[in-house]
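**Q**
Protein chains in written order, with this note's numbering: chain Z, 1 to 327; chain R, 328 to 792.
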């Protein structure tokens, strides 16, 4: 078998077989189990009815879900080949670590005497908070900067949500996410290795970071689903529930630009984008204005560029006028 | 029934032969190889000869030992320049657990080190001297310093001389001479004796001399990295004594110099430098022996030049691994010294820096001009380690380093920063990784970064949350 085919198959299988991946079969099983139980209890339905609701063909076999699947395959192939050229967290960490030698605020090895468990716990918690904040921040910018929103529409064009929708990402957006990961991980690693030395570690269970394992085991995959799992109001003020993220995908203008957070809701409070979950019926997608995005998979990939070119053309056409005004 | 037995035997023999051919390495011991010289009528049956190189290995070992034992300049120079008188082997010497077969260098070969030292200019050492002059200067300074240790300037001359000599003599002679110009068609041809009266051919002896400089035991490729390491450390008599005669033959059963360092890196399990290089020597020598005293054909010469490239590229990497390791050691020592290390830590720091500098200077001595890369290496290591200006071991006060020599030949100082030097050590490790492809990476100061990066992964990075 040619090497690139092997590479792609290995990457695809890892998406479902590695506990370090969001779509790991174990996490999917947890999500389905929670969903079935939730419907049984919240809606007081039988197990059979609950199962029928969770695995509703209208959702799983919809055109939008088919697009999710195709985008997943295209992106996996694309990123399998593109990844080696991207900036890595090791490069960022090495660079930052070297720069830290030239300052005095964070002395090298200043906390090297600290106990292993304390160092590892502080690192794990700090990384969780920094990572979650950076995901929130990136997401916020994807909505607020018009050019970035054109690319983020790719994700919001989904009209039915399934766990696979998490991978419905435009490649340009994917590159931004890779850059975010490299910077967040690189900077965190460099600072902690600088302060604590090589003893600093990530607390893991079965090789997966503890916070990541908790997040995924407790049904992170329901964020992209039609199962509106709500948390009590007080909890939703701290942690984003699946129902709150589904509200983020609503095509009702009242819900636009709400709940950018991933795990923690506290960041949304800071910028005033917090919205509690609602029990009203929600429709997903971009709405009729952007219907062109869901015409075909090709249009999903191409339209953001077309929009970008249009913006550039407008900008260029206006430039002489600016000079004229200056004269 | 007999036919079946015969068929089974034939099949077995065929399989064994095929596997040996597929393996490509029927022989794992360097020698004996037959005398192939046309017209030779003497009684020699083995054409392998590299006692001159073993003599130099012993001169090097003994010189290092003498430097650390306050020997006189005259004694030190006798090991460097050779002597007609008694030259006792100071290392290795016999002990209860490890018995060697010689006690005097001249009994093995009457030779010297200075005549074979690198004659190119060494920009990485103060004074604008050639490699040979640098070694002579280091030896002279070492004779003046107690135990070869110059606390003020941060120089450990036993380490500096030893590590640079391995490159400036052994590696240089092998890769810039015997495995380079002496492999050319018209130079030391295989259909003529190496020199008048010799029983070995030009190419046979050129190859043997290079092997002698490499410093591996003839049977070293049959041993594990740990065994080879313990042989060099004089801890495994059983592994060393290949012919079981109760003594270690210093000519063929001992590991020296870079071969010892290769085994040390290979012990970690990530590399196979020792076996790769030693086996390439064996295979190349077999090609020469198979020519049966005729001039080597173009194909045969291309084959041995290919082996030479394998040998020298891996040999260079062994030296780069050592630079990587000692850059990490120096970094670690500075970390300790910054947080109030004592005189013992400082002594270790100076020793590690001497090893680092000696290995780094060695990288300049092959047939490859390192050019800009060489300047980068020298620029990161500088002429001396960062030392305290008031008390050398107090590196938090008025730090400085050697910047050159004045007209009177005394070392001059310039201001230096510990943190900046630590950064240089990290950059040096990165440089060894990027430019020489080191793999063993002992004392990797960026290992914590790689380990954490591996644990964090980046699997979810292209997903929308």
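Glycine included, each C-beta is placed from N, C-alpha and C at the ideal position.
Give me the chain Z residues within the contact set of residue 757/R, using Cβ-Cβ distance strictly less than 9 angstroms, ordered along the chain.
**A** Within chain Z, the residues near residue 757/R are 94, 98.
**Q** Taking beta-carbon pairs under 7 angstroms, can you tell me which members of the segment 762-774 of chain R lie near chain Z?
**A** Those residues of the segment 762-774 of chain R that come within reach of chain Z (Cβ to Cβ, closer than 7 angstroms) are 773, 774.
**Q** Tell me the DSSP bridge mates of residue 250/Z?
**A** 284/Z
**Q** Between residue 102/Z and residue 747/R, what straight-line distance do the alpha-carbon atoms span, to the nearest angstrom?
**A** 7 angstroms
**Q** Using a Cβ cut-off of 9 angstroms, pull out every chain Z residue sitting near residue 662/R, in sequence order please.
**A** 108, 109, 112, 197
**Q** Let me make sure I understand the geometry here. Which of 420/R, 708/R, 389/R has the alpha-carbon closest to that of residue 405/R?
**A** When only C-alpha atoms are compared, the closest one is 389/R.
**Q** Of the residues 288/Z, 143/Z, 140/Z, 95/Z, which one's Cα is nearest the Cα of residue 252/Z?
**A** 288/Z
**Q** Is the segment 616-628 of chain R close to the segment 577-594 of chain R, with three or more CB pairs under 8 angstroms?
**A** no
**Q** Along chain Z, in chain order, which residues have C-beta atoms closer than 8 angstroms to that of residue 776/R?
**A** 90, 93, 94, 97, 189, 190, 193
**Q** Using the Cα positions of residue 676/R and residue 656/R, report the straight-line distance between them to the nearest angstrom.
**A** 8 angstroms
**Q** For residue 361/R, write down the residues that DSSP places opposite it in a beta bridge.
**A** 373/R
**Q** Select from the segment 124-147 of chain Z all residues with a C-beta closer than 8 angstroms to any C-beta belonging to chain R, and list them in chain order.
**A** Those would be 127, 135, 139, in chain order.
**Q** Taking only runs that begin and end inside the segment 427-454 of chain R, name each unbroken alpha helix (DSSP H) of 4 or more residues, in chain order.
**A** 432-435
**Q** Just grab the DSSP bridge partners of residue 415/R for me.
**A** DSSP output for residue 415/R lists 431/R as bridge partner(s).
**Q** Might you give, ordered along the chain, the residues of its own chain that have their beta carbon closer than 6 angstroms to the beta carbon of residue 64/Z, omitting 5 neighbours on each side?
**A** 158, 159, 160
**Q** For the segment 425-439 of chain R against the segment 449-457 of chain R, do three or more pairs of beta-carbon atoms, one drawn from each stretch, fall closer than 8 angstroms, so that the two count as touching?
**A** no
**Q** Just to check my reading of the structure: residue 590/R and residue 619/R have Cβ atoms closer than 8 angstroms, yes? What is that Cβ distance to the nearest angstrom?
**A** That pair is no contact at about 34 angstroms.
**Q** Please list, in chain order, the chain R residues whose beta carbon lies closer than 7 angstroms to that of residue 166/Z.
**A** 790, 791
**Q** Distance, Cα to Cα, residue 608/R vs residue 617/R?
**A** 14 angstroms
**Q** At what residue ranges does the segment 43-104 of chain Z contain a whole run of the alpha helix (DSSP H), taking only runs of 4 or more?
**A** 47-54, 57-60, 63-82, 89-100
**Q** Taking Cβ-Cβ distances shorter than 9 angstroms, what residues in chain Z pair up with residue 753/R?
**A** Residues of chain Z with a Cβ closer than 9 angstroms to the Cβ of residue 753/R are, in chain order, 94, 97, 98, 101.
**Q** Closest Cβ-Cβ distance between residue 782/R and chain Z: below 7 angstroms?
**A** Yes, residue 782/R counts as interfacial toward chain Z.
**Q** Put residue 528/R into one of helix, strand or coil per three-state DSSP.
**A** strand
**Q** Tell me, to the nearest whole angstrom, how far the beta carbon of residue 481/R is from that of residue 394/R; I am working on the premise that it is less than 8 angstroms.
**A** So it is not a contact: roughly 16 angstroms between Cβ atoms.
**Q** Would you be able to state if there are at least three C-beta pairs under 8 angstroms between the segment 173-186 of chain Z and the segment 88-102 of chain Z?
**A** yes
**Q** Work out the CA separation of residue 173/Z and residue 248/Z for me, nearest whole Å.
**A** 18 angstroms
**Q** With distances taken Cα to Cα, identify the nearest neighbour of residue 774/R among 77/Z, 226/Z, 197/Z.
**A** Of the candidates 77/Z, 226/Z, 197/Z, the one whose C-alpha sits nearest the C-alpha of residue 774/R is 197/Z.
**Q** Are residue 707/R and residue 738/R closer than 7 angstroms when you measure CB to CB?
**A** no
**Q** Helix, strand or coil: which one does DSSP assign to residue 705/R?
**A** Judged by DSSP in its simplified three-state form, residue 705/R adopts helix.
**Q** Within 7 angstroms (strictly less), CB to CB, does residue 22/Z reach chain R?
**A** Yes, because at least one Cβ of chain R sits closer than 7 angstroms to the Cβ of residue 22/Z.
**Q** I'd like the ranges of any alpha helix (DSSP H) spanning at least 4 consecutive residues and lying wholly in the segment 113-177 of chain Z.
**A** Counting only runs of 4 or more, we get 116-144, 146-156.
**Q** Cutting at 8 angstroms between CB atoms, please list the residues of its own chain near residue 765/R, excluding the five before and the five after it.
**A** 644, 647, 648, 651, 759
**Q** At which residues does the beta strand (DSSP E) containing residue 731/R begin and terminate?
**A** 727-732
**Q** Return the chain-ordered list of same chain residues with a C-beta closer than 8 angstroms to the C-beta of residue 749/R, the five sequence neighbours on each side being excluded.
**A** 658, 661, 662
**Q** Using the beta-carbon of each residue, which ones in chain R are nearer than 9 angstroms to residue 226/Z?
**A** Those do not exist, as residue 226/Z stays about 17 angstroms from chain R at its closest Cβ, beyond 9 angstroms.
**Q** The beta strand (DSSP E) spanning residue 739/R covers which residue range?
**A** 738-742
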